[in-house]
Structure formats: structure tokens, C-alpha cells
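The letter at position 207 of the sequence shown is residue 336 when you use our numbering, and the numbering goes up by one with no holes.
For each residue, glycine too, the CB sits at the ideal point set by N, CA and C.
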Amino acid sequence: MKDSMRIQAICFDLDGTLLDTLADIGNAANAALLRFDLPTHPLERYRYFVGEGASRLMEQVLPQTYTSDEWRGRLLEAFEEEYALGWKRQTCLYAGIADLLDELTQAAWPLAVLSNKPDAFTQQCVQHFLGAWPFRVVRGQQAGIPRKPDSTGMQLIAQELSLPVEALCLVGDTSVDMQTATNAGSCPIGVSWGFRKVEELQEHGARLVVDSPIELATWLQKQRAEFS
Numbered sequence: 130m131k132d133s134m135r136i137q138a139i140c141f142d143l144d145g146t147l148l149d150t151l152a153d154i155g156n157a158a159n160a161a162l163l164r165f166d167l168p169t170h171p172l173e174r175y176r177y178f179v180g181e182g183a184s185r186l187m188e189q190v191l192p193q194t195y196t197s198d199e200w201r202g203r204l205l206e207a208f209e210e211e212y213a214l215g216w217k218r219q220t221c222l223y224a225g226i227a228d229l230l231d232e233l234t235q236a237a238w239p240l241a242v243l244s245n246k247p248d249a250f251t252q253q254c255v256q257h258f259l260g261a262w263p264f265r266v267v268r269g270q271q272a273g274i275p276r277k278p279d280s281t282g283m284q285l286i287a288q289e290l291s292l293p294v295e296a297l298c299l300v301g302d303t304s305v306d307m308q309t310a311t312n313a314g315s316c317p318i319g320v321s322w323g324f325r326k327v328e329e330l331q332e333h334g335a336r337l338v339v340d341s342p343i344e345l346a347t348w349l350q351k352q353r354a355e356f357s
């Protein structure tokens, strides 16, 4: 991001940033593995499995001897069936997110979501959990569009907002999000309450890492004031 470019819109990652989805994703993946009598994983391990899309998640949870395209496809189908049944059992907004979104909405910030979660599930989660706030663009992983950390998703969101991509920030909890923002020329902002450690975010280019939603709101409002 160019230092002289004012941030004019906020793009959020979904899982691990706005929503704590770890248990529902992990339980769905484990249920899919059990269908084939394959070993499951502790839920905490899923902190390091998620973030790169459902297909990549299947690669990571499968035993090393089961990583063929056929096995990945079979497990992905089972996972999507299981997740469709349980996507809202334990998922919830992180503490402070509702207040953050209230403040940003009141201040007329354009809001967007960019996720590597399959688009149908992304739309479903945003509508159910975040429907009270006016997200202008919501994009999950779609066929034919490269997933994060490719910059295409950010560029498409910028186009839909009629803004240069450099005027966007991407708020996320993984190295994938930081790399995505960097690749797009946007501002990478990390959050410490998500799935990954602060060190990972810093090592992959985070301009800053915030420890609470209110800290993010304060920083964004300060950035706006400096350019007003």
C-alpha cells in the first residue's frame, strides 16, 4: 500500500477474524474422516489447517497415503455435507465484533468480506451472523477465481466499490491474509484473536496487529482523521 493512500474501505477475512468457526469446521472435517474410518484431529490442530480453502483443508487432514485427487474429492464432498448440517452449531462472533461493526457502519465505512471458504457457505454465514451490518461486497471462493493469497479477489472487490485497490485494507488472522493484501497493494492488518500467532502475521507483512476490535476501530478512525 502506498503510504500516501488514504484507507477508504475495509475488507475483512471471515473465519478467525469476524467469526469463530473453528469448532464447526473441525467437527465437520472429523465427521467426514470418520465416514471413511480415517483418523481425526484435535480441534486445536484446525487452527493451522484452515485459511487456504476447503480443498487445501482436505489435503491437510488426510493421511499422507490418502492424498490422491480421488480421495481429496471424496472427502471434500463428505465435508461439505457435514458442514451444511453443522455450520452454525457453535460458530459465533468474536467478542467486540458487533460493537466494531456498529461503529464502522455509523461512520459510513464501506465494508466487504473476502474469504477462502466456499462462496455458498460464505454468503450463508454472513447473512446469518452478520446480516445486521451493510457489507457491500461478500466474496467466498468461487470456481475460476484464484483464492487468497492471489490478489484477484481484492481487485474485484475494489472494482465493485469503485475504489483503487490501494485504498482498501484487509483485516485478517493468517499469513494468507497478510500476503493477499501485500500482493494487491492494500494495507495488511492482523488480528491477534484469531487462529494464528502474532509472530506469523508480523513475519508476513502486517502493517500492524491489533489485540481487540476497539483498537482496530480507533486506528481506522485515526487514519481517516489524518487525511481529513
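_Using only CA atoms, which one of L186, L167 and P168 lies nearest to R176?_
Out of L186, L167 and P168, the CA that lies nearest to the CA of R176 is found in L186.
*Nearest-angstrom Cα distance between V338 and G319?*
Rounded to the nearest angstrom, the two C-alpha atoms are 4 Å apart.
*Whose C-alpha, out of L147, L167, R265 and T303, is nearest the C-alpha of I286?*
Among L147, L167, R265 and T303, the Cα nearest to that of I286 is on R265.
*Take every Cβ of the region 314-330, pair it with every Cβ of the region 141-148, and state whether three or more of those distances are shorter than 8 Å.*
Contact holds between the region 314-330 and the region 141-148, because three or more Cβ pairs, one in each stretch, are under 8 Å apart.
*Member of L243, A227, S341 and G301 whose CA lies at the smallest distance from the CA of M283*: Per the Cα distances, L243.
_Reduced DSSP secondary structure (H/G/I, E/B, other) of D231_ = DSSP places D231 within a helical segment (H, G or I) once states are collapsed to three.
*Can you round the beta-carbon distance between S291 and A313 to whole angstroms, since I take them to be within the 8 Å contact cut?*
That belief does not hold up - the Cβ atoms of S291 and A313 are roughly 16 Å apart, past 8 Å.
*CB L240 to CB C140, shorter than 9 Å?*
Yes, these two residues count as a Cβ contact at 9 Å.
*For Q270, name the three-state secondary structure that DSSP assigns.*
The answer is strand: DSSP assigns Q270 an E or B state.
_To test your reading of the DSSP string, which unbroken beta strand (DSSP E) runs of 3 or more residues are found completely within the region 273-348?_
Annotation: the region 273-348 contains the following complete segments of the beta strand (DSSP E) (minimum length 3 residues), in chain order: 297-301, 316-320 and 337-339.
*Around the Cβ of T150, are there at least 16 other Cβ atoms within 10 angstroms (buried) or fewer (exposed)?*
By the neighbour-count criterion, in which a residue is buried when 16 or more other Cβ atoms sit within 10 angstroms of its Cβ, T150 is buried.
*Since G202 and N245 are thought to touch, with beta carbons under 8 Å apart, how far apart are those beta carbons, to the nearest angstrom?*
The C-beta separation of G202 from N245 comes to about 18 Å, leaving the pair out of contact by the 8 Å criterion.
*If you run the structure through DSSP and keep just helix, strand and coil, what is D248?*
D248 falls in the helix class under three-state DSSP.
*Identify every residue that forms a DSSP beta bridge with F264.*
BP columns for F264 point to L240.
*Is it the case that the Cβ atoms of A346 and D248 are separated by a distance below 9 Å?*
No Cβ-Cβ contact shorter than 9 Å links A346 with D248.
*Taking the CB atoms as reference points, tell me whether D153 and K217 lie closer together than 9 Å.*
With respect to K217, D153 sits close: the two C-beta atoms are nearer than 9 Å.
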